[in-house]
Amino acid sequence: MRAPSKPPPKNVTLKDWIGVYSTLLGAFMAVLDNQITNASLKDITGALGVSLEEGAWISTAYLVAEIVVIPLTGWLSQVFSVRLYLLVNAALFICFSVFCAFATNLPQMILFRAGQGFTGGVLIPMAFLVILMTLPQALQPVGMALFGLSTIIAPSLSSIVGGWLTETYAWQYIFYLNVLPGLLLIAGVWYALPQRPTKLHLLKKGDWFGIVTMAIGLASLTFFLEEGNRKDWFVSEEIQKAALTTAISIPVFIIIQLVNKNPLLNLRLLLRRNFLITIITTMGLGLGLYGPTFILSLYLAQIQGYNAMQIGETIMWSGLPQLFITLLVPKLMRHIDLRLLLAVGFTLFGVSCFMNTTMTHDTGLEQLIPAQIIRALGQPLIITFQVATFGIEPNQIGSASAIYSMARNLGGSLGIATLLNLQSLRERFHSNYLVEKISLSNPITRDRIDQLTQIFLQHTSDPVQAQNQAYEVLDRTIRREANVMAFNDCFLFMGCALFTSAFLVLFLKKVKPAVNSPTNV
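Residue numbering for the sequence shown follows the numbering used here, starting at 231 and increasing by one per position.
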């Protein structure tokens, strides 16, 4: 009997690529906006007349809204169609970005940033979904590599872009930046993505109880992670309430998803070994993407006194080389076991963190560049998307992409919260240790105080005042060194987490991506 012939591979047209590149641009802008305000926070809070602590809500509002909307994207894209859902959210993303630039007080800014996060958060998993819907299996490694480039390089560029715009023009321009790419996104989606009918009847069958518990649980969890360290964790009544709400809502949401016949997210996908390991390592990736940038920015600002522009110039060394390396990844994926690529990527990423565990108060741009370049070599190899989606049924891609994007964001939020707490704890530990070693009974300490006192006596005739100034210098030196040692401990923690991820990927089942030669790239 004659075997049935395989269907011919899909011919990918220029129109298809326009659709893919447009959504990738949207994902890039959404990830960029996640952290772009950090470099300009001092200028923004100054203009709004609030403290830096209050201004932290400018970032938190975006993150809370983003983490809530990501799990909804798969279902809502079915209800309203991918094309319409993208067009509406892209238009609203532009509007909220402009509104942020015109905000005159903190409540307005928080509201508009939440709107930005709620609409921008859609763009990340939707780019993932469009790649899988548009490209045949042979070209999906190319699409995944481009997706990785857009979402991995954006955190590295956010500091320098935000710093440069703020220093050169004004902080409002970090929001105006979204207008032109947003319009290009709308034009590309309008032209390239097929128009499909809406399925509004699905709203009646929606998992509304699951949506409510998910929204409350994830919002509380993100608030807990983002604000916990600033509010001294469980000392704050707000943090206690957030923790309790999270502890109740998240388990209820999980139970609902497991017993519901039509769940918002198919959490049973986590029973598949590859998908579960991929999600765990993706949380490690989230820590790796946001953690080093966050800790390095703190170190450069607090120890070296760098401004936003100088911090950006340092961090960009982990981003720019990726533009060239990522182009090679699709070819590597066709010829090398994906597990090996992932392991090498996580290992290089971890090595770059270990290279930063020996920083001193003199470590600056030149000393940090080698570690940044090693990081740039490793990041593009962490293409977990191909492993995450291999074997997933087409009707489950929405759930898979939402769970994946949510895991990466949670990994980043959980990682930064852990790093903040770790840095604070280790700074106190090292400070106490140094104080014990540097006592007046130590002749070296007495000699140093005498030297400093003599220096200050050249500017004052009061010996008591000069000695007090010497003590202040010694105290600042102890705090500085304790801080540097704590930053080193944070990099050690991240290196260990990334090495653990490299070990876990070895337990993945072998995934063989398509190797057919594409005829139309």
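Positions of the beta carbon are idealized from the N, C-alpha and C atoms, including for glycine.
Small disclaimer: the values here were computed from a predicted structure and weren't measured.
> Just the Cα atoms here: how many angstroms apart are Ala637 and Ala286?
Replying inline: Residue mapping note: residue 637 aligns to position 407 of the sequence shown, counting from 1. Residue mapping note: residue 286 aligns to position 56 of the sequence shown, counting from 1. Ala637 and Ala286: Cα-Cα distance of roughly 23 Å.
> How should Leu244 be labelled, buried or exposed, when 16 other C-beta atoms within 10 angstroms of its C-beta is the threshold for buried?
Replying inline: One-based indexing of the sequence shown puts residue 244 at position 14. Burial call: exposed.
> Is it buried or exposed for Phe554, if we count other Cβ within 10 angstroms and need 16 for buried?
Replying inline: What you label residue 554 is simply residue 324 of the sequence shown in a count that begins at 1. With fewer than 16 Cβ atoms within 10 Å of its Cβ, Phe554 is classed as exposed.
> To which residues of the same chain is Leu306 closer than 7 Å at the C-beta, ignoring the five residues directly before and after it?
Replying inline: The residue given as residue 306 occupies position 76 in the sequence shown. Here the set comprises Tyr315.
>> Within 8 Å, do at least three Cβ pairs link the region 491 to 511 to the region 462 to 469?
In response: no
>> Taking only three categories from DSSP, how would you classify Val242?
In response: Counting from one through the sequence shown, the residue named residue 242 turns up at place 12. Val242 falls in the coil class under three-state DSSP.
> Under the three-state reduction of DSSP, which class applies to Leu738: helix, strand or coil?
Replying inline: Here residue 738 refers to the residue found at position 508 of the sequence shown. Looking at Leu738 - three-state DSSP - the assignment turns out to be coil, as it is neither helix nor strand.
> Quick one: Cα of Phe310 to Cα of Gly642, how far?
Replying inline: Here residue 310 refers to the residue found at position 80 of the sequence shown. Here residue 642 refers to the residue found at position 412 of the sequence shown. Cα to Cα, Phe310 sits roughly 30 Å from Gly642.
>> Does the contact criterion of 3 or more C-beta pairs under 8 Å hold for the region 573 to 585 versus the region 717 to 733?
In response: yes
>> At 4 residues or longer, what runs of the alpha helix (DSSP H) sit wholly inside the region 362 to 444?
In response: 370 to 398, 403 to 406, 409 to 422
> According to the Cβ coordinates, are Thr523 and Leu293 closer than 9 Å?
Replying inline: On the sequence shown, residue 523 is found 293 positions in, with the first residue counted as 1. On the sequence shown, residue 293 is found 63 positions in, with the first residue counted as 1. Not a contact, by the Cβ cut-off of 9 Å.
>> Contact defined as beta carbons within less than 8 Å: I believe Ile545 pairs with Ala531. What is the distance between those atoms, to the nearest angstrom?
In response: Position 315 of the sequence shown, counted from the start, is the residue given in the question as residue 545. Position 301 of the sequence shown, counted from the start, is the residue given in the question as residue 531. At roughly 12 Å, the Cβ-Cβ gap does not stay under 8 Å, so Ile545 and Ala531 are not in contact.
>> Let's see if you can read the secondary structure: which residues bound the alpha helix (DSSP H) around Lys667?
In response: Here residue 667 refers to the residue found at position 437 when the sequence shown is read from its first residue. Element bounds for Lys667: 627 to 667.
> Going along the chain, which residues of its own chain have a beta-carbon closer than 7 Å to the beta-carbon of Ile646, five neighbours each way excluded?
Replying inline: Indexing the sequence shown from 1 puts residue 646 at position 416. Closer than 7 Å at the Cβ level, and outside the excluded window around Ile646, lie Tyr520, Gly521, Phe524.
>> I need the DSSP call for Gly516, collapsed to helix, strand or coil.
In response: For the purposes of this step, residue 516 is taken as residue 286 along the sequence shown, with counting starting at 1. DSSP places Gly516 in helix when its eight states are reduced to three.
>> Between which residues of its own chain and Ala473 is the CB-CB distance below 6 Å, once the five residues before and five after are set aside?
In response: Position 243 of the sequence shown, counted from the start, is the residue given in the question as residue 473. So the qualifying residues of the chain are Phe454.
> Where does Val299 sit, in a helix, a strand or coil, going by DSSP?
Replying inline: Here residue 299 is taken as the residue at index 69 of the sequence shown, counted from 1. In this structure, Val299 counts as helix in the three-state DSSP scheme.
>> Buried or exposed, going by whether 16 or more other CB atoms sit within 10 Å of the CB of Asn718?
In response: Indexing the sequence shown from 1 puts residue 718 at position 488. Asn718 is buried by the Cβ-count criterion.
> Cα-Cα, which of Ile668, Leu607, Leu448 is closest to Leu644?
Replying inline: Counting from 1 along the sequence shown, the entry for residue 644 is found at position 414. Checked all of Ile668, Leu607, Leu448; the closest Cα to Leu644 is Leu448.
>> Suppose contacts are defined by Cβ-Cβ distances below 9 Å. Is Thr364 in contact with Val242 by that definition?
In response: As a working note, residue 364 is residue 134 in the sequence shown. As a working note, residue 242 is residue 12 in the sequence shown. It is a contact, given that the beta carbons lie within the stated cut-off.
>> Can you tell me where the alpha helix (DSSP H) holding Asp567 begins and where it ends?
In response: The residue you call residue 567 lines up with position 337 of the sequence shown. Counting along the chain, Asp567 falls outside any alpha helix (DSSP H), and DSSP gives it neither H nor E.
> Are Phe733 and Ala573 touching if we call contact CB-CB under 9 Å?
Replying inline: Residue mapping note: residue 733 aligns to position 503 of the sequence shown, counting from 1. Residue mapping note: residue 573 aligns to position 343 of the sequence shown, counting from 1. The answer is yes: Cβ separation under 9 Å.
> Which same chain residues, not among the five before or five after Pro424, have their C-beta less than 8 Å away from its C-beta?
Replying inline: Taking the sequence shown and counting its residues from 1, the one referred to as residue 424 is at position 194. Result list for Pro424: Arg313, in chain order.
> How many whole angstroms separate the CB atoms of Leu558 and Leu571, which I take to be in contact at a CB cut-off of 8 Å?
Replying inline: Translated into the one-based positions of the sequence shown, residue 558 becomes position 328. Translated into the one-based positions of the sequence shown, residue 571 becomes position 341. That belief does not hold up - the Cβ atoms of Leu558 and Leu571 are roughly 11 Å apart, past 8 Å.
> Quick one: what's got a C-beta closer than 6 Å to Leu415's C-beta in the same chain, skipping five residues either side?
Replying inline: By one-based count along the sequence shown, residue 415 stands at place 185. Correct list, in chain order: Ser252, Leu255, Gly256, Ala320.
> So does the region 584 to 593 actually touch the region 704 to 715, counting three or more Cβ pairs closer than 8 Å?
Replying inline: yes
>> Assuming the contact rule is C-beta atoms closer than 8 Å, Ala260 and Ile361 should be a hit. Round their C-beta distance to whole Å, please.
In response: Locating residue 260 in the sequence shown gives position 30, where the first residue counts as 1. Locating residue 361 in the sequence shown gives position 131, where the first residue counts as 1. With a Cβ gap of about 15 Å, Ala260 and Ile361 do not count as contacting.
> Do the CB positions of Ser631 and Phe358 come within less than 9 Å of each other?
Replying inline: Counting from one through the sequence shown, the residue named residue 631 turns up at place 401. Counting from one through the sequence shown, the residue named residue 358 turns up at place 128. Against a cut-off of 9 Å, the Cβ pair of Phe358 and Ser631 comes out as a contact.
> Is it true that the CB of Cys330 sits closer than 9 Å to the CB of Phe258?
Replying inline: Reading the sequence shown from its first residue, position 28 is the one you call residue 258. Reading the sequence shown from its first residue, position 100 is the one you call residue 330. Contact: no.
> How is Pro493 classed by DSSP in three states: helix, strand or coil?
Replying inline: If you number the sequence shown from 1, residue 493 lands on position 263. If DSSP states are grouped into helix, strand and coil, Pro493 belongs with coil.
> Mind checking Phe439: buried by the 16 CB within 10 Å criterion, or exposed?
Replying inline: One-based indexing of the sequence shown puts residue 439 at position 209. When all chains shown are included, Phe439 counts as exposed.
>> By the DSSP assignment, the alpha helix (DSSP H) with Asn779 in it spans what residues?
In response: Since the first residue shown for the chain is 231 and the last is 751, residue 779 is missing from the structure and cannot be characterised.
> What's the gap between the Cα of Gln552 and the Cα of Ala375?
Replying inline: Numbered from 1 along the sequence shown, position 322 holds the residue referred to as residue 552. Numbered from 1 along the sequence shown, position 145 holds the residue referred to as residue 375. C-alpha separation (whole angstroms): 11 Å.
>> According to DSSP, is Thr253 part of a helix, a strand, or is it coil?
In response: Position 23 of the sequence shown, counting from 1, holds the residue named residue 253. In the structure shown, Thr253 sits in a helix (DSSP, three-state: H, G or I).
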